[in-house]
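Presented below is the structure to which this report refers.
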Amino acid sequence: MAQKIVTIYTDDLTDKESEEVQTRSFTLEGVSYEIDLAPESYDQLLEALGPFIEKGRKTGRVKGASKARKADGPSAEGMRAWAAENGFEVSARGRVPASIREAYEAAH
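The sequence shown begins at 28 in my numbering and counts up by one.
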């Protein structure tokens, strides 16, 4: 039996599907949050926080933020190639689904 896995990316704010959805993270009052947003929703977030970011002081990068994770782990392109070679269906764009990341890490 063949199996097809379909990943649907959904904007958490609008509940609309989009291949351009990315996970964004932010911290407020010491609590870290992640939200999946399409570019338009991310623009809304930046617009809302913009005045506060402009007046605020940077205190450093939050441990585990997305850029730090990318530097420590395999590239998205590498995981996509591995997934395709191992029978997973993966989009050429957007973030790599957690299920594929977990399968990749289990295999390596």
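Each residue gets a CB set at the ideal place from its N, CA and C atoms; glycine is no exception.
In this model, R84 and G57 are separated by some 15 Å (Cα to Cα). The alpha-carbon of Y60 is positioned some 8 Å away from that of R51. The alpha-carbon separation between A110 and K82 amounts to approximately 43 Å. Taking the CA atoms as reference points, A134 sits about 41 Å from A75. According to the DSSP secondary-structure assignment, I62 is paired through a beta bridge with R51.
In this structure, T37 and V48 form a Cβ contact; the two beta carbons are roughly 7 Å apart against a cut-off of 8 Å. Here the C-alpha atom of E132 lies approximately 18 Å from the C-alpha atom of I32. Residue pairing from DSSP places E44 in a beta bridge opposite T37.
DSSP places K82 within a helical segment (H, G or I) once states are collapsed to three.
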